[in-house]
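Worksheet: the structure to be examined is printed underneath.
Residue numbers (this note's numbering): 72 to 1184.
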């Protein structure tokens, strides 16, 4: 008989082959080699285990109504083929067909591999005498691993019928995995519906994914025969030499009358094999994501373990299974998107950055994929279609009325094995939009432990989650413990009230706000300004019950949800921040720079990394230069993946960076061995750059720009180079050994109209270079040289007293500070010692030092010196006396230390006063007003990288006024640069918006920018009075008081708790304004609480004020 053969052209056949190859090229395959294991038959039956060691051997199960996953054929390969079919279909749907599951069952020539021991031999149920709980737990773990080892050994005995005999896959997109399916029940639901109170078979197994990352193989170390298997099961004479990972699955999970499925356990085990981390707290065993994620035990046990839900948004993005769209503000400061159902294989995740290390993920979780709200379930070889609201009827044995009485047999309970469903989110508590808060830093710390959320004692607190659901009802109850009617622990795993939108008790909740218990702030409470609102595209609602309370919750069934993201008035339209720059950034290494006039944009942001990589972006983060480079960095995930980072450097790294300054379109960077000028040019409107350099070695400070010169100070002397060519203009050598730590411009001291350059050494000596005479004068140290040996001093200058003569403020990294009259070359006020001085491991920052900020924050016309030190913000006048309300405590919890960043001064709330912006190592920026009070409305801000670990990286902060009513606040931290817009900003002539006051790094505040001096009316009053520190320790204390006019006499008296006068001190400070005196007499007092009386005699009148102090010896 002749066959009719249709002949295709060769070109068509080739195209078909290529199409098939292209289709499969993007698909990963996991081959599961599953093998069945039974135990030595128990005779008599051990009451501490379920079954007698063989499949289908539990008499209680035979009499129970376990119609789903029924017993009778569990030893057959066909039974497990159906379960593996479910897993195959699940991952095809979850991965959008990017993952294919294939499987093969062993043994192929007999029923199972039979071990020589019974179940109870691998599960000790009671502690020995004097055995500690931890020792008992270790013993149980060792027993479990002994079972795994024995099972693998049995499977390896016969090479002709072993799962290890097949050759390994050659394709890098195909992976082999092994699954032990053993007889007996899982201990997961021992006790059935009665919970742990009814648990009676502690000898049953748990289902554990064995792998080398969680060190489970280490429990075999005590057995001399198995020492070679510390990191895996070693095979001999097989294609595979070592098995490192093994999945383990029990025959059944049904126990004590509760019909429970193994589909969820199987899916979770396979997911771990694929590299997906658990999302519940693996240390405390507490749910963190509830029903909304398959890697949380609540999620994979949804619908009584038969219908695990989909992976949450982060996991699908992590695995590359879902597409994510980044939300960016448009010209109206908004972003709108029609969000399809999760798992629909489109752009089904919206990402919203709230800081460089934290973001929100928004997804639309729908229980049904059908418009009518039905779901289609495949059981064995038949299909059932039911309303999703009736899903629970498939698993209940009986149906009762609302009062729990009049129960009848549920004839609609399903029978057989579930192999597929058209919506794997069918078992969710409700439909709606879930918003997830993701902390990348926490993930980097926890993924190495195959986890996302875990308690680590003092390392992380309960609010340090890698992923958390922002529960829409404002009550973060998922994972919190309650008590049920039996007094047993009960937990909330989620309800419709956790999703947007929903109606509960008549209130409609459809948005996530910037404030409130559930909000869009960062982990440390920094304001992001982001609001997310959600509205359904259909009017179909569904009614569900709220967790525990039982009241109704209305949600919407909608295949697409309209998501609107708003940044409010602080929106930075067109922003492309944050940017990853590939390397860390130090304070002062970010600056604003002008672009060439031929370029439409006016301003750009230049950043210099620690290794000298220079990059320039537009003010909104736009890429300005060609020449993208892709860096590969190891991402500490469980998959050992490589993270690709795109950067746009201006040439190769210039060497370890020491400083950065800018003027017009030129950048001047100081490096370990050179001073480099990078000039931005734009021929034919295309940006480019030109570069010059001069060799400089050794320790140095700078660069600083003044007039036509760029200044650098090193151990040889003070060097000046021409800004146009970097040609050396002159060098003034030190006459004695001089180790510079900082430099500043200090006003015109010689009358030539030019400012003088000041340099401070590590022993407190101050060098002044006079521009007219080119002479260098070195002032002696203002104290004992031994007191200031090898100290890092910072320096800043202005006319503090408003007398027409500039002064210098000098601050050491140990907290020592003083003012210098640059005309008289004498110390202007007493030496002060502020609380700072934490040592750093970074050799370039030898101690805790915050560069000095100069600003008039209280509006009296006199500038203050502002700096940070050991969890405090200081603002001091020209006498070194802190202003009223200062110092400000930065953190009431763990202290903020190692403060190297520069505070800024700007009017960020429009009240006419300058606020102090304080950058913290946790990535947030505080705002402090002129009274020393923290701003709370829209502050603190999230600018930097949220982190909380031993790797200290300061937040570098600088600002640029886009308009008189718009401040762009930039932050550089770790390897990120970010920006926020401050809409309430108002321009102020005396503002301090950059490191050392400006791009030229002069540390000089021009007195012309200060307001007129406010003359205070004289009053016979004591305005302020305090003794500090309080409590007084080691007898060291000072009294500070402010007088409304000149006094005639002042006395301080201390009284004990009995009212006895124990100390009287005559005070010398009688002038108007602030007065301060050291109280050495307190050393004689013992530990106690004392009342303190300040008495002041004015002309014809006496005033007094009380205070209370504690003295600690």
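Even for Gly, the Cβ is constructed at its ideal location relative to N, Cα and C. Computed from a predicted structure; not experimentally measured.
Three-state class that DSSP yields for residue i in the structure shown
i, result
"residue 103", "strand"
"residue 453", "strand"
"residue 352", "strand"
"residue 631", "strand"
"residue 857", "Because the pLDDT of residue 857 is 45, which lies under 50, any placement of that residue in the model is unreliable, and the question is left without a value."
"residue 832", "strand"
"residue 1168", "strand"
"residue 260", "coil"
"residue 502", "coil"
"residue 93", "Note that residue 93 has pLDDT 42, beneath the 50 cutoff, so the model's placement of it is unreliable and the number below is only indicative. DSSP places residue 93 in helix when its eight states are reduced to three."
"residue 786", "coil"
"residue 153", "helix"
"residue 553", "strand"
"residue 399", "coil"
"residue 217", "helix"
"residue 604", "strand"
Contact under 8 Å by Cβ, residue i with residue j
i, j, result
"residue 172", "residue 119", "no"
"residue 334", "residue 103", "no"
"residue 997", "residue 1010", "yes"
"residue 320", "residue 340", "yes"
"residue 1168", "residue 1119", "yes"
"residue 633", "residue 409", "yes"
"residue 999", "residue 959", "yes"
"residue 1117", "residue 1142", "yes"
"residue 205", "residue 662", "no"
"residue 1058", "residue 642", "no"
Separation of residue j from residue i, as counted between CA atoms
i, j, result
"residue 794", "residue 731", "14 Å"
"residue 494", "residue 251", "28 Å"
"residue 1056", "residue 1035", "8 Å"
"residue 723", "residue 1043", "20 Å"
"residue 630", "residue 571", "14 Å"
"residue 937", "residue 1067", "12 Å"
"residue 599", "residue 1013", "6 Å"
"residue 1181", "residue 1113", "22 Å"
"residue 890", "residue 800", "31 Å"
"residue 911", "residue 1018", "Confidence is the limiting factor: at residue 911 the pLDDT is only 47, short of 50, which leaves the residue's position unreliable, though a coordinate-based value still follows. The straight-line gap from Cα to Cα measures roughly 18 Å."
"residue 502", "residue 444", "11 Å"
"residue 385", "residue 595", "21 Å"
"residue 304", "residue 313", "5 Å"
"residue 1223", "residue 477", "This structure does not reach residue 1223, given that the chain is present from 72 up to 1184, and the question cannot be answered."
"residue 1033", "residue 401", "17 Å"
"residue 717", "residue 1077", "41 Å"
"residue 834", "residue 289", "56 Å"
"residue 790", "residue 1080", "29 Å"
"residue 821", "residue 1174", "47 Å"
"residue 1157", "residue 1184", "6 Å"
"residue 947", "residue 876", "19 Å"
Those residues which DSSP pairs with residue i across a bridge
i, result
"residue 253", "108, 321"
"residue 988", "975, 998"
"residue 1195", "Outside the modelled stretch of the chain, which goes from 72 to 1184, sits residue 1195, for which no answer is possible."
"residue 573", "580, 626"
"residue 539", "508"
"residue 945", "938"
"residue 769", "In DSSP, residue 769 forms no bridge with anything."
"residue 750", "737, 761"
"residue 240", "In the DSSP output, where bridge partners are listed per residue, residue 240 has none listed."
"residue 302", "DSSP, once it has assigned bridges, lists no residue as partnering residue 302."
"residue 745", "766"
For the region 1036–1108, list the alpha helix (DSSP H) runs that are entirely contained and at least 4 residues long, ordered along the chain. If you keep only unbroken alpha helix (DSSP H) runs of at least 4 residues inside the region 1036–1108, you get nothing at all.
Only counting runs of 4 or more residues, tell me where the alpha helix (DSSP H) segments fall wholly within the region 411–481, in order along the chain. none
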